[in-house]
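Add 7 to a position in the sequence shown, counting from 1, and you land on the number used in the working numbering.
Remarks on the structure that follows.
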Amino acid sequence: MDMWKAFEKSTSENAFHAAAILYDKFHVMRHLGEALDKVRKMEYARLSGKERSYIKGQKYTLLSNREPHP
């Protein structure tokens with residue numbers, strides 16, 4: 008389901024017998040990406056010199072899947 012609060016509220020009120028609410032991967036990944044970007048920006052501001060240059064350009068490296076699927 009979408010992570011919109013109205014959907015969550017409606018589901019809990021009208022489908023109270025449901026065992027769990029599952030969110031779609033797109034919305035979970037969007038929130039994860041936003042949180043990771045926030046931390047990356049804070050670290051970039053905190054560091055300087057060589058350490059700062061390492062962080063620059065690494066936004067998508069952390070989100071990439073380097074392990075092959077089984």
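Where a beta carbon is used, it is the ideal one built from N, C-alpha and C, also for glycine.
On a predicted model such as this, the values are computed, not experimentally measured, just so you know.
Chain-order list of residues whose beta-carbon lies under 8 Å from that of residue i (same chain, five-residue window excluded)
i, result
"Gln65", "Arg47"
"Phe14", "Met8"
Beta-carbon proximity list for residue i, same chain, < 7 Å, skipping 5 on both sides
i, result
"Ile62", "Arg47, Glu50, Tyr51, Leu54"
Rounded Cβ spacing between residue i and residue j (contact assumed at less than 8 Å)
i, j, result
"Asp9", "His34", "6 Å"
Quiz item: Which runs of the alpha helix (DSSP H) fall wholly inside the segment 42-74 and span at least 4 residues, in chain order?
Solution: Whole alpha helix (DSSP H) segments, 4+ residues: 56-62.
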